[in-house]
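Below is one structure, written out as structure tokens; the observations come after it.
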Amino acid sequence: MKAIQQMVWDWPLRLFHWLLVLAVVGAYITGELGGSLTDWHSRLGALTLGLLIFRIFWGFLGTYYARFVHFFPTPGRLITYFKGDWHGVGHNPVGALSIFALLLVLAALIVTGVFANDDIAFEGPLFHLIDKSLSDRISGWHEWLVDGLLGLVGLHVTAVFYYLLIKKNNLIRPMLTGNTLLRPDQFVGSNGSLSIPRFIFVVLIASSVVWIVWSGLVTDYLASLSR
Amino acid sequence: MKLKCVWCLSCLFVASVVMANPIEDQIRIRQSTYAVMGWNTGKIKNQIVDHPETYHKDQIIAAANTLSALAHSNLLEELYGPGTDQGTGWKPTRLKADYFQKQDEVKEINTRLIKETEELKVAADSGDVAAIKSQFGKLGATCKSCHDLIRVRE
Numbered sequence: 181m182k183a184i185q186q187m188v189w190d191w192p193l194r195l196f197h198w199l200l201v202l203a204v205v206g207a208y209i210t211g212e213l214g215g216s217l218t219d220w221h222s223r224l225g226a227l228t229l230g231l232l233i234f235r236i237f238w239g240f241l242g243t244y245y246a247r248f249v250h251f252f253p254t255p256g257r258l259i260t261y262f263k264g265d266w267h268g269v270g271h272n273p274v275g276a277l278s279i280f281a282l283l284l285v286l287a288a289l290i291v292t293g294v295f296a297n298d299d300i301a302f303e304g305p306l307f308h309l310i311d312k313s314l315s316d317r318i319s320g321w322h323e324w325l326v327d328g329l330l331g332l333v334g335l336h337v338t339a340v341f342y343y344l345l346i347k348k349n350n351l352i353r354p355m356l357t358g359n360t361l362l363r364p365d366q367f368v369g370s371n372g373s374l375s376i377p378r379f380i381f382v383v384l385i386a387s388s389v390v391w392i393v394w395s396g397l398v399t400d401y402l403a404s405l406s407r
Numbered sequence: 034m035k036l037k038c039v040w041c042l043s044c045l046f047v048a049s050v051v052m053a054n055p056i057e058d059q060i061r062i063r064q065s066t067y068a069v070m071g072w073n074t075g076k077i078k079n080q081i082v083d084h085p086e087t088y089h090k091d092q093i094i095a096a097a098n099t100l101s102a103l104a105h106s107n108l109l110e111e112l113y114g115p116g117t118d119q120g121t122g123w124k125p126t127r128l129k130a131d132y133f134q135k136q137d138e139v140k141e142i143n144t145r146l147i148k149e150t151e152e153l154k155v156a157a158d159s160g161d162v163a164a165i166k167s168q169f170g171k172l173g174a175t176c177k178s179c180h181d182l183i184r185v186r187e
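Structure (structure tokens):
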């Protein structure tokens, strides 16, 4: 049986993944150090928001394996996996669970972060929509969520290395090159062609949302309503 | 007769002061201190970091002086007495219960706070916005280090 080389992760997805790694690691470090780095923490949070929005849209408009419909962990798929009958390509159902958990925690960190403050001088871009005591509580949630993030990232990295070292299945290379080797019975047909217009469209949407939140447009508009 | 009245009223006044809860007073006053510090750090962030076109040299000098004065105000000795990890000032205190076991670190951060605010005063006097910005960043990190050490997460 000859193995077939198959493009699994298209380049926008790979770019998204590695940019997310940089954004999250950078946000974590700048968040822990504080001081003048807090402004960078906010910018990296903005980048993370843009990347998350990109991924959500790409999950509907991207190539075959990037689409959520292909790997969303439904109960049926999870049962199939635990019975040992899942032989798919891309994210397996349990891996998919951890992916969605990671995206959810990151989304929660962003939603809490935009309202947060650090009691010193930093205020999130939507801080002025609420009062300080509510912002203080939200800032607490933001800090608690970091623990959750660390746990999930640790799990993710551990799983990747478990696959690499114990199961001898290198998952890092496909996330770099996009390609993996399939048995002919796993081959489902081409990954579909990458649509550049769709890619540009999704990037524009992600950038617009980030700009609206961070540029003060929301707070200015609401302030103008009360005048 | 009049003297007796004055004497009784004075005793009552002193008694009422003594009966006021010293723990809650300490919490309330130190919370006020940090609120005033926050007002001044916010001012510096606004005029030095976010909108340097609004920089007023005198206001920033005043802010730096206030921060330095508060750092020198001896509040660690006088407003963090035993039992002040529980109680309500303006709001419930967020002091960690193991604060009293961390005194060496607390004193070290306090020394750093005094040093950083004094250097902020020097920068503010110079009028050099870039120098103020850099020193302000260091001060913010010092503030944060104490929060992380002795303050409970919300």
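The listed protein sequences correspond, in order, to chains A and B. One rule links them: number in this note's numbering = place in the first sequence (from 1) + 180. One rule links them: number in this note's numbering = place in the second sequence (from 1) + 33. Using N, Cα and C, we set each Cβ at its ideal position, and we do this for glycine too.
Same chain, Cβ closer than 7 Å to residue i, five either side skipped, listed in chain order
i, result
"glycine 225 of chain A", "Ala207, Ile290, Gly293"
"isoleucine 279 of chain A", "His271"
"methionine 355 of chain A", "Trp189, Arg194, His197"
"histidine 105 of chain B", "Ile147"
"alanine 287 of chain A", "Leu232"
"leucine 172 of chain B", "Glu149, Thr150, Leu153"
Residue i vs residue j beta-carbon contact at 7 Å
i, j, result
"aspartate 97 of chain B", "alanine 157 of chain B", "Checking the sequence shown, residue 97 of chain B turns out to be alanine, not aspartate. In this structure, alanine 157 of chain B lies closer than 7 Å to alanine 97 of chain B by Cβ."
"leucine 112 of chain B", "arginine 63 of chain B", "yes"
"glycine 412 of chain A", "arginine 247 of chain A", "This structure does not reach residue 412 of chain A, given that chain A is present from 181 up to 407, and the question cannot be answered."
"asparagine 349 of chain A", "serine 319 of chain A", "no"
"leucine 351 of chain A", "valine 337 of chain A", "no"
"threonine 74 of chain B", "alanine 301 of chain A", "yes"
"lysine 129 of chain B", "valine 185 of chain B", "yes"
"proline 305 of chain A", "leucine 277 of chain A", "no"
"leucine 227 of chain A", "alanine 203 of chain A", "yes"
"alanine 281 of chain A", "leucine 344 of chain A", "no"
"aspartate 299 of chain A", "glutamate 187 of chain B", "no"
"glycine 170 of chain B", "lysine 90 of chain B", "no"
"threonine 218 of chain A", "histidine 308 of chain A", "no"
"threonine 117 of chain B", "isoleucine 56 of chain B", "yes"
Which listed residue (the options) has its alpha carbon closest to that of residue i
i, options, result
"glycine 372 of chain A", "A/Tyr261, A/Tyr244, A/Phe381, A/Phe302", "A/Tyr244"
"serine 178 of chain B", "B/Pro85, B/Glu149, B/Thr99, B/Leu112", "B/Glu149"
"lysine 182 of chain A", "A/Trp191, A/Arg363, A/Gly334, A/Trp391", "A/Arg363"
"aspartate 58 of chain B", "B/Gln119, B/Gly75, B/Asn73", "B/Gln119"
"leucine 103 of chain B", "B/Thr117, B/Lys154, B/Glu138, B/Met34", "B/Lys154"
"serine 216 of chain A", "A/Val398, A/Pro377, A/Glu303", "A/Glu303"
"isoleucine 183 of chain B", "B/Cys38, B/Gln136, B/His89", "B/Gln136"
"asparagine 107 of chain B", "B/Ser167, B/Trp123, B/Lys171, B/Leu146", "B/Leu146"
"phenylalanine 234 of chain A", "A/Val204, A/Arg378, A/Gly331", "A/Arg378"
"glutamate 152 of chain B", "B/His84, B/Thr99, B/His89, B/Tyr88", "B/Thr99"
"glutamine 185 of chain A", "A/Trp391, A/Leu384, A/Phe262, A/Leu361", "A/Leu361"
"valine 191 of chain A", "A/Pro253, A/Gly242, A/Leu309", "The identity of residue 191 of chain A in the sequence shown is tryptophan, whereas the question assumes valine. It is A/Gly242."
"histidine 180 of chain B", "A/Val205, A/Glu212, A/Ala203, A/Ala281", "A/Glu212"
"threonine 87 of chain B", "B/Gln168, B/Cys176, B/Val162", "B/Val162"
"asparagine 54 of chain B", "B/Gly122, B/Glu110, B/Leu36", "B/Gly122"
First through last residue of the beta strand (DSSP E) which encompasses residue i
i, result
"glutamine 64 of chain B", "Run containing glutamine 64 of chain B: none in the beta strand (DSSP E); it sits in the alpha helix (DSSP H), 55-77."
Beta-carbon proximity list for residue i, same chain, < 8 Å, skipping 5 on both sides
i, result
"valine 51 of chain B", "With a pLDDT of only 45 at valine 51 of chain B, under the threshold of 50, the placement of this residue in the model should not be trusted, and no figure is reported."
"glycine 268 of chain A", "Phe251, Gln366"
"isoleucine 93 of chain B", "Lys76, Ile77, Gln80, Ile81, Ala157, Ile165"
"leucine 325 of chain A", "Val285, Ala288, Leu289, Thr292"
"threonine 66 of chain B", "Leu103, Ser106, Leu108, Leu112"
"tyrosine 261 of chain A", "Asn272, Pro273, Val274"
"leucine 199 of chain A", "Leu227, Leu231"
Segment limits, alpha helix (DSSP H) that includes residue i
i, result
"methionine 187 of chain A", "Where methionine 187 of chain A is concerned, there is no enclosing alpha helix (DSSP H), although the beta strand (DSSP E) it sits in stretches over 184-187."
"alanine 296 of chain A", "First-last for alanine 296 of chain A: undefined, no H or E at that position."
"lysine 90 of chain B", "90-104"
"phenylalanine 196 of chain A", "191-213"
"serine 216 of chain A", "Note, serine 216 of chain A: premise wrong, no alpha helix (DSSP H); not H, not E."
"threonine 260 of chain A", "255-262"
"histidine 250 of chain A", "248-251"
Beta carbon proximity, residue i to chain D, threshold 7 Å
i, result
"aspartate 327 of chain A", "Protein chains A and B are contained in the structure displayed, whereas chain D is not."
Cutoff 6 Å; reference residue i; Cβ partners in own chain excluding five residues on either side
i, result
"histidine 221 of chain A", "Ala207, Thr210, Gly211"
Proximity test, residue i beta-carbon vs the ligand GTP heavy atom, cut-off 6 Å
i, result
"serine 373 of chain A", "Within the structure as shown, the ligand GTP is missing, as the structure has no ligands at all."
Whole beta strand (DSSP E) runs in the stretch 338-398 of chain A with 3 or more residues, listed along the chain? Segments of the beta strand (DSSP E) lying fully in the stretch 338-398 of chain A: 359-362.
4-residue-minimum alpha helix (DSSP H) runs that sit fully inside the stretch 106-174 of chain B, ordered along the chain: 108-111, 136-159
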